[in-house]
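Protein chains in written order, with the working numbering: chain A, 23 to 363; chain B, 23 to 363. Don't be surprised by glycine CBs; every beta carbon is placed ideally from N, CA and C. Working notes, structure below.
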DNA sequence: GCGGATAAGTAAAACGTTTGCACAACCAGA
DNA sequence: TCTGGTTGTGCAAACGTTTTACTTATCCGC
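Written out as structure tokens, the structure is:
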């Protein structure tokens, strides 16, 4: 049906092996033959069949991304798109494609990974999050499949990973509130089984401790990466006899819920409650008021992770763990001195 | 290296063909043999090599999505993730994977598509937008590759597509403003080479005509899908001797810019200027005031598009064009009777 | 003008499946 | 007992590449 290497060979008057070598730019092909073959390739509109190629070369020029399951879906939300932009930029540059696959539960997810890896469909894998005792990581580790983790592994040493210094980031954010004169600072958290959440919580408590400020259990609310989660957190956290006057929020999207909740309860931001958050998605500057947020370099995260993965696949030497710098972007939501016009 | 069909065959004491037929659930395999072979497969941890399989079957159980280029990135942004959720839900259900690929310019993009299609890497394609005289559509059409378009083709009949009734949607939105007693209604538009923009504009003018309201050229501003676009539009549209008292805005993101622009010019929303918009992204309810927006069922768009694509691949009969219903979500930005507390 | 390197190319096996065809065994009906 | 159909399985070709091992042709120094 489609035009194959044999068709080209026949028309160019050479053998299939020669055509193959022309494509691979094998040194032992004369300039003349090469030119002739390329001419015929153009003429016939030849494109190599990737399946045949992969079958023998055992490489697919494709890397896989396993999508988080429904529960975590919204976690990545806008974050995800920005991350993927970074990934795609790198992959496009290197001539790789990206395969996305999912699964509805942990078993299916592992099954998908097995299928892709053992089925020879991908050369490497990008993991978007890390749970405790993740069976996927265990599997990949055992099979020696190249993979890069966003975040850090809680179970294995030496896993390739790209991360932020989340402890420091949360420390910086909390410090900023303290510098604004805040003394009663709460924390609206994410799922605690994620390394990221744990790290940010650690940075928060560290800053409090250093400043000699109280850590109150009631001022910390666990939740998910959902708008509703932030919204609901306000009901519980702000109904206390002495509610916090400032909040560190795990994620911008959750912060949107926090804004909504506070507005309904009649609290003004930042006059009554100041807010800092994480990720600095594009919408953070569009809310009322705009949200102070830690920019974690989402695009860079994706770009660097892919770069590491490609390097590993090509057997290049790399540093197993890279940190992307963060940056606190200060906007009105955290400024005590802010007075609206 | 990896365990193949031959290994299984040998261990089970049958021929490779038999193993293959067991996997394919061929009717003429005895229950006994089937059981035996499956046992061995489990025991050895066999997983079929997809490359070999695809090579002979000419099918990959993979569908492709071509990412929009930088210029259009923002257009899809908030859309994209929600859309992809719908796509993935459908594909996961059907056991298909998704291949994402990009290109930095029109030439590269077409090259990518050619490579994927001719290289036999995908069974079908999802196109996220439609331009006038799109060479990709021309190519796919010529090659008879199954594909589904989001929106509608301006060049070809009979292209499979999933769309909203954008004319009706804009008609509904405009009608709503008219029902609120508005008489001077403007339109903040997007790029006019997109079918979507043209359709929404048509619905707007239709509603005006029906109500006997004036259509003024100065009340319609063309722009892009950017916040700045809405912001700038206000400067030109509101400086006229008789500016509109209500606006239909092409997209929520643009509407944010409109809000910002109006605030700076000293107009209150909705008291001085009422607003309706499209897409109903999550943030639409978080602005001040919350924005009335037409929900276009983004998730459904993705889900249905994938469904159509899969049906086509399986040669099932389908309706070539499907419309996803829309729904006007009314919030404060459009209510004349709204008085802020 | 010969031996031996070197350059340029070919033939054929291999990659791991699927599938058309052949065939043996069995069974039912006459 | 024969005929003809059905059932279960195996053989080998095919899919479109890459790559190893081999064949020629050419060239060079002596």
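Are the C-beta atoms of residue i and some chain B residue less than 8 angstroms apart?
i: residue 305 (chain A); result: yes
i: residue 302 (chain A); result: no
i: residue 358 (chain A); result: no
i: residue 260 (chain A); result: no
i: residue 70 (chain A); result: yes
i: residue 314 (chain A); result: no
i: residue 42 (chain A); result: no
i: residue 355 (chain A); result: no
i: residue 31 (chain A); result: no
i: residue 240 (chain A); result: no
i: residue 103 (chain A); result: yes
i: residue 140 (chain A); result: yes
i: residue 149 (chain A); result: no
i: residue 60 (chain A); result: no
i: residue 114 (chain A); result: yes
i: residue 143 (chain A); result: yes
Determine whether the beta carbon atoms of residue i and residue j lie at a separation below 8 angstroms.
i: residue 306 (chain B); j: residue 313 (chain B); result: yes
i: residue 287 (chain B); j: residue 256 (chain B); result: yes
i: residue 125 (chain B); j: residue 114 (chain A); result: yes
i: residue 139 (chain B); j: residue 167 (chain B); result: yes
i: residue 283 (chain A); j: residue 109 (chain A); result: no
i: residue 208 (chain A); j: residue 269 (chain A); result: yes
i: residue 73 (chain B); j: residue 240 (chain A); result: no
i: residue 177 (chain A); j: residue 155 (chain A); result: yes
i: residue 303 (chain A); j: residue 145 (chain A); result: no
i: residue 252 (chain A); j: residue 210 (chain A); result: yes
i: residue 225 (chain B); j: residue 191 (chain B); result: yes
Note the first and the last residue of the continuous beta strand (DSSP E) segment covering residue i.
i: residue 349 (chain B); result: 349-351
i: residue 73 (chain B); result: From DSSP, residue 73 (chain B) is part of no beta strand (DSSP E) but of the alpha helix (DSSP H) over 72-79.
i: residue 209 (chain B); result: 207-210
i: residue 86 (chain A); result: 84-88
i: residue 119 (chain B); result: 119-123
i: residue 268 (chain A); result: 268-271
i: residue 148 (chain B); result: 146-149
For residue i, which beta-bridge partners are listed by DSSP?
i: residue 343 (chain A); result: A:183
i: residue 300 (chain B); result: B:316
Answer yes or no: does any C-beta atom of chain A fall closer than 8 angstroms to that of residue i?
i: residue 94 (chain B); result: Low per-residue confidence applies at residue 94 (chain B): pLDDT is 46, beneath 50, and the placement is therefore not dependable, though the value from the model is reported in the following sentence. Cβ-Cβ to chain A under 8 angstroms: no for residue 94 (chain B).
i: residue 77 (chain B); result: yes
i: residue 28 (chain B); result: no
i: residue 119 (chain B); result: yes
i: residue 146 (chain B); result: no
i: residue 110 (chain B); result: yes
i: residue 73 (chain B); result: yes
i: residue 211 (chain B); result: no
i: residue 11 (chain B); result: Outside the displayed range of chain B (23 to 363) lies residue 11 (chain B), so it cannot be described from this structure.
i: residue 24 (chain B); result: yes
i: residue 50 (chain B); result: no
i: residue 310 (chain B); result: yes
i: residue 182 (chain B); result: no
i: residue 89 (chain B); result: yes
Grab the span of the alpha helix (DSSP H) containing residue i for me, first residue to last.
i: residue 158 (chain A); result: 157-165
i: residue 288 (chain A); result: Per DSSP, residue 288 (chain A) belongs to no alpha helix (DSSP H) and is neither H nor E.
i: residue 194 (chain A); result: 188-201
i: residue 135 (chain A); result: 128-140
i: residue 252 (chain B); result: 249-259
i: residue 171 (chain B); result: Residue 171 (chain B) -> not in any alpha helix (DSSP H); beta strand (DSSP E) instead, spanning 169-172.
i: residue 244 (chain B); result: Where residue 244 (chain B) is concerned, there is no enclosing alpha helix (DSSP H), given that its DSSP letter is neither H nor E.
i: residue 232 (chain A); result: 217-233
i: residue 143 (chain A); result: Run containing residue 143 (chain A): none; DSSP gives neither H nor E here.
i: residue 55 (chain A); result: 53-66
i: residue 45 (chain B); result: 38-45
i: residue 29 (chain B); result: 27-34
(request) Identify each residue in the region 243-254 of chain B for which the Cβ-Cβ distance to at least one residue of chain A is less than 9 angstroms, and report them in chain order. (result) 249
(message) Along the region 272-293 of chain A, where does the CB come closer than 7 angstroms to a CB of chain B? Name the residues.
(response) 278, 281 and 282
(request) May I ask you to list, following chain order, the residues of the region 213-232 of chain A that have a beta carbon less than 9 angstroms from some beta carbon of chain B? (result) none
(message) Which residues of the region 122-137 of chain A have a Cβ closer than 9 angstroms to any Cβ of chain B? Give them in chain order.
(response) 122, 123, 124, 125, 126, 130, 134, 136 and 137
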